[in-house]
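Notes for the one structure printed next.
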Amino acid sequence: MKMRKHYAVALLMVGITTPSITTLKAGNNVTPHSVNQTFDLCSETAAWVSATAYVMGSYVKYNGRLFRARSWTQGDTPRGFGVYPDGPWEDQGTCF
0 MKMRKHYAVA LLMVGITTPS ITTLKAGNNV TPHSVNQTFD LCSETAAWVS
50 ATAYVMGSYV KYNGRLFRAR SWTQGDTPRG FGVYPDGPWE DQGTCF
């Protein structure tokens with residue numbers, strides 16, 4: 000009789016920049032095996048362009064800040080620090 004092995008995979012996001020993948024073998028003592036990778040989101044993100052349509056979750060750089068789109072948006076200037084708290088952009092912090 001063959002026994003099937005079952006595995007669980009968990010993707011853990013720590014902040015924006017450090018994902019960690021852990022695999023767990025079912026039925027045994029849990030021994031996590033992690034792989035960590037760091038990404039420089041600022042260097043990989045393009046500057047905001049007013050004519051571009053952005054979907055929810057898109058990132059842009061604008062005036063030295065990183066912004067994430069809360070919804071679909073086009074032509075809405077990214078703003079932060081409570082100036083436009085319900086707008087389509089969420090300020091993610093300094094980004095040069």
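Taking numbering that gives the first Met the number 0, the leading residue of the sequence shown gets 0, the next gets one more, and so forth.
Beta carbons are placed, not taken as given, at the ideal position from N, Cα and C, and that holds for glycine.
Owing to the predicted nature of the structure, the values given are computational and were not obtained by experimental measurement.
Residue i - containing alpha helix (DSSP H), residue span
i: residue 42; result: 40-43
Reduced DSSP secondary structure (H/G/I, E/B, other) of residue i
i: residue 71; result: coil
i: residue 85; result: coil
i: residue 93; result: strand
i: residue 76; result: coil
i: residue 46; result: strand
i: residue 7; result: Its pLDDT being 47, under 50, residue 7 is placed unreliably by the model, and the measurement read from it follows with that caveat. Three-state result, residue 7: strand.
First and last residue of the uninterrupted beta strand (DSSP E) at residue i
i: residue 59; result: 58-61
Cβ neighbours of residue i in the same chain (closer than 8 angstroms, five flanking residues each side left out)
i: residue 64; result: 77, 79, 90, 91, 92, 93 and 94
i: residue 44; result: 58, 59, 60, 65 and 94
i: residue 50; result: 73 and 74
Cβ-based burial, residue i [other Cβ within 10 Å; buried from 16]
i: residue 57; result: buried
i: residue 48; result: exposed
i: residue 72; result: buried
i: residue 87; result: buried
Same chain only: Cβ atoms within 6 angstroms of residue i, ignoring 5 sequence neighbours per side
i: residue 53; result: 68 and 72
Cut-off 7 angstroms between Cβ atoms - residues of its own chain near residue i, not counting five sequence neighbours on either side
i: residue 70; result: 55 and 87
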